[in-house]
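Below: the structure, in structure tokens.
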Amino acid sequence: MATLQIAANSKSTARPAAAVPAKPAAMSPLRTWAAVVGSTLGAFMAVVNIQIVNASLADIQGAIGAGTDDGGWISTSYLIAEIVVIPLSAWLARVFSVRNYLLVNAILFLIFSVACAFAANLQQMIILRAIQGFSGGVLIPMAFTIIITLLPKAKQPIGLALFALSATFAPAIGPTIGGYLTENWGWEYIFYVNLVPGALMVGLLWASLERSPMNLKLLAKGDWPGIITMAIGLAALQTVLEEGNKEDWFGSDFILRLSVIAAVSLTLFLIIELKTVHPLLNLRLLVRRNFGFGIVANFLLGIALYGSVFVLPIYLTRIQGYNSEEIGMVLAWTGIPQLLLIPLVPRLMKRFDVRLLIVVGFALFAASNFMNVHMTGDYASDQLFWPNIVRAIGQALVVTPLSAIATAGIEQENAGSASALFNMMRNLGGAVGIASLQTFLSKREQFHSNILTNSVSLFEEATRDRVARLTAYFMSHGVSDQALASHKAVVAIALKLRKQANIMAFSDTFFLLGVALVVALLAGLLLRKPGQLSGGGAH
1 MATLQIAANS
11 KSTARPAAAV
21 PAKPAAMSPL
31 RTWAAVVGST
41 LGAFMAVVNI
51 QIVNASLADI
61 QGAIGAGTDD
71 GGWISTSYLI
81 AEIVVIPLSA
91 WLARVFSVRN
101 YLLVNAILFL
111 IFSVACAFAA
121 NLQQMIILRA
131 IQGFSGGVLI
141 PMAFTIIITL
151 LPKAKQPIGL
161 ALFALSATFA
171 PAIGPTIGGY
181 LTENWGWEYI
191 FYVNLVPGAL
201 MVGLLWASLE
211 RSPMNLKLLA
221 KGDWPGIITM
231 AIGLAALQTV
241 LEEGNKEDWF
251 GSDFILRLSV
261 IAAVSLTLFL
271 IIELKTVHPL
281 LNLRLLVRRN
291 FGFGIVANFL
301 LGIALYGSVF
311 VLPIYLTRIQ
321 GYNSEEIGMV
331 LAWTGIPQLL
341 LIPLVPRLMK
351 RFDVRLLIVV
361 GFALFAASNF
371 MNVHMTGDYA
381 SDQLFWPNIV
391 RAIGQALVVT
401 PLSAIATAGI
411 EQENAGSASA
421 LFNMMRNLGG
431 AVGIASLQTF
441 LSKREQFHSN
451 ILTNSVSLFE
461 EATRDRVARL
471 TAYFMSHGVS
481 DQALASHKAV
491 VAIALKLRKQ
501 ANIMAFSDTF
511 FLLGVALVVA
521 LLAGLLLRKP
531 GQLSGGGAH
């Protein structure tokens, strides 16, 4: 702990490029808030777009003639581009100016959103989604950076509360929007829906952001070894996480090679960033106590946040047979309460210790998962209502205080690095969480299936009686051949066992998510109370 404290107080010789809006002190409060609202709206759109498309993936695959396996690249290409551009945004904003960089990417995001609706085949869709992801990924860290550099310290919790809508409300409400649009209007409208809020976003950014000259000379001075190794490493790692379960992980040469590339590239990136004078990202921020433990908690939050949004729709589809609109209505109750609670969080931060809010938030989020560990075949929307409400309250309490306390004391020149690392780790946590849960769900289903199957034997009287009753049922419902009716009875029992094994696997998965959040809670307990509540980056 002493080492951490010394490292946190020492002055780093590395001064990375930070994306700082030009002359923030000269901006009026109205223009400042217009920039904050416009940028956070962009971040919200970028995040919600992931879940909207995931909710409609089957319809998109059918429309463009993509197979189930290859169709996954519609989402993967977006996520790869997004996670690569997030750490680049601080430096690129200095090169092209914050105004130019944000406006160009906001407009490109809208253009390629519409273009995706006109994709004729899988190849076109993958390319368009990658460009959409690259431009959309810019909007996330830039919104965070604008909040912690433009807003006064006392107002930053309000800005971070707005940003929390993109971090937790957007993933929760995305499937609801996607399901409704797909079922009632068609999958193309999941891309058209970006146009109206996108026009508002561009208008706000155009009117509020200060004009400043580009600094193209920085391109020649860029940390190109770090940029190249980071881009290759993150792209390879994201692909491994997205495709690993489908390809049987290291049983696939493709996944094995990408894993080696990711490990080597990211190791080189860490070495380069710690040795170079002007690194792309200031990794020394991680040894600061609040930022380091905040990153750990944020990573685990990403696992649970995106993991639960991934697991619940699969359960409702596989076990309850819900369509995308019905799934969206269930998940809406993880989003609607947040919309009401998040605006109140800044007031709570003034009255209570922010660490208490973080701990209570993680505790409630964990409890919502533990409430689902005793699932049965009748566990559907009604039974999920209260766990989803508890989850919504927990998420609403976590994100804003965690963002505030983690960035407390971050200097303005390090704001870009802090924003990139904080947002990248949450997204990476989501990718790790989904990949891990896919594999865990499959393995636990196999485990429970083996146990249940071994416990059912035709030598047992109860089993023979069940087969006999089902055989009689099928023969009374149109099956004349007794052998065929007996076979259908055995198949029905097998399907019943498999369904039960799946339900038990989902219960185990929710338990695992709860455990991850308990660990995040422990990381929250290690945070130190900042001197200033808002924890701004402008000092």
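Residue 197 in this note's numbering sits at position 197 of the sequence shown; the count goes up by one each step and never skips.
The beta-carbon is built from N, C-alpha and C at its ideal position, and this holds for glycine as well.
Values in this document were obtained by computation on a predicted structure and should not be read as measured data.
Assigned secondary structure, residue i (DSSP; H/G/I helix, E/B strand, else coil)
i	result
K23	In this prediction, K23 has a pLDDT of 42, which is less than 50 and means its spatial position is unreliable; nothing more can be read from the coordinates.
A120	coil
Q438	helix
G433	helix
S403	helix
G409	coil
E540	Shown here, the chain extends from 1 to 539; a query on residue 540 therefore has no answer.
V515	helix
W206	helix
D481	coil
S28	coil
L280	coil
Y322	coil
G335	coil
V490	helix
L151	coil
K529	coil
S476	coil
V456	coil
CA nearest to the CA of residue i, picked from the options
i	options	result
E210	Y473, T32, N454	T32
G361	G524, S476, D59, A170	G524
N450	P29, I83, L256, A501	A501
E411	K153, L92, S56, D223	K153
V309	F299, F291, V330, I319	V330
N423	V399, K443, S480	V399
V36	F118, L139, A505, S56	L139
Y192	A172, P279, F118	F118
P175	A332, L165, L441, N121	A332
V277	E242, A63, T239, G226	G226
N215	Q156, T76, V98	V98
P87	L484, A231, A404, I342	A231
L241	D223, L527, G72, L452	G72
V84	K529, M425, Y101	M425
A143	T40, L384, F299, A297	T40
E106	F96, M201, I126	Note that residue 106 is Ala in the sequence shown, not Glu. If we check each option's Cα against that of A106, M201 comes out closest.
P337	P387, G233, D223	P387
I393	V345, K350, E413	V345
Limits of the alpha helix (DSSP H) - the one that residue i falls within
i	result
I158	156-164
Q238	224-243
M375	Note, M375: premise wrong, no alpha helix (DSSP H); not H, not E.
Q61	57-64
M214	Careful: M214 lies outside any alpha helix (DSSP H) and carries neither H nor E.
P313	289-318
T267	253-275
K350	345-351
V595	Summary: the structure shown does not reach residue 595, with the chain confined to residues 1 through 539, and so no result is reported for it.
L219	No alpha helix (DSSP H) holds L219; DSSP gives it neither H nor E.
E82	73-85
A172	170-184
S97	Careful: S97 lies outside any alpha helix (DSSP H) and carries neither H nor E.
I190	189-192
Proximity test, Cβ basis, 8 Å: residue i and chain C
i	result
N54	Absent from the structure is chain C; it holds one protein chain and no more.
- the stretch 499-519 contacting the stretch 367-374, beta-carbon criterion three pairs below 8 Å: Judged by pairs of C-beta atoms under 8 Å, the stretch 499-519 touches the stretch 367-374, as three or more such pairs exist.
- Would you call the stretch 144-154 and the stretch 413-429 in contact, with 3 or more CB pairs under 8 Å? Counting Cβ pairs under 8 Å, three or more are found: they touch.
- Item | Three or more C-beta pairs below 8 Å linking the stretch 173-187 and the stretch 314-333 | Taking 8 Å as the limit for Cβ pairs, the verdict is that the stretch 314-333 does touch the stretch 173-187.
- Task: Evaluate the contact criterion for the stretch 119-134 versus the stretch 44-64: three or more CB pairs, one atom per stretch, below 8 Å.
- Result: The stretch 119-134 vs the stretch 44-64: in contact.
- Task: Indicate whether the contact test is met: 3 or more Cβ pairs, each with one atom in the stretch 423-434 and one in the stretch 290-309, closer than 8 Å.
- Result: Contact holds: three or more Cβ-Cβ distances are below 8 Å.
- Message: If contact is defined by three or more beta carbon pairs under 8 Å, each pair taking one atom from either stretch, is the stretch 282-297 in contact with the stretch 256-268?
- Response: Taking 8 Å as the limit for Cβ pairs, the verdict is that the stretch 282-297 does not touch the stretch 256-268.
- Message: When you compare the stretch 343-360 with the stretch 490-509, are there three or more beta-carbon pairs, one atom per stretch, that lie closer than 8 Å?
- Response: Because the criterion of three Cβ pairs below 8 Å is not met, the stretch 343-360 and the stretch 490-509 do not touch.
- Does the stretch 109-118 come within contact of the stretch 243-258, defined as at least 3 CB pairs closer than 8 Å? Segments in contact, no.
- Message: So, does the stretch 268-284 touch the stretch 239-249, judging by three or more C-beta pairs under 8 Å?
- Response: As far as the Cβ criterion goes, the stretch 268-284 does not touch the stretch 239-249, which means the pair count is below three.
- Does the stretch 154-170 touch the stretch 78-97, meaning 3 or more C-beta pairs lie closer than 8 Å? Two segments are said to touch when three or more pairs of C-beta atoms, one from each, lie closer than 8 Å; by this definition the stretch 78-97 does not touch the stretch 154-170.
- Task: Evaluate contact between the stretch 310-319 and the stretch 182-202, counting only Cβ atoms and requiring at least three cross-stretch pairs below 8 Å.
- Result: With the cut-off at 8 Å, the stretch 310-319 and the stretch 182-202 do not touch.
- Query: Pairing CB atoms from the stretch 490-499 with CB atoms from the stretch 461-481, are three or more of them under 8 Å?
  - Reply: These segments touch.
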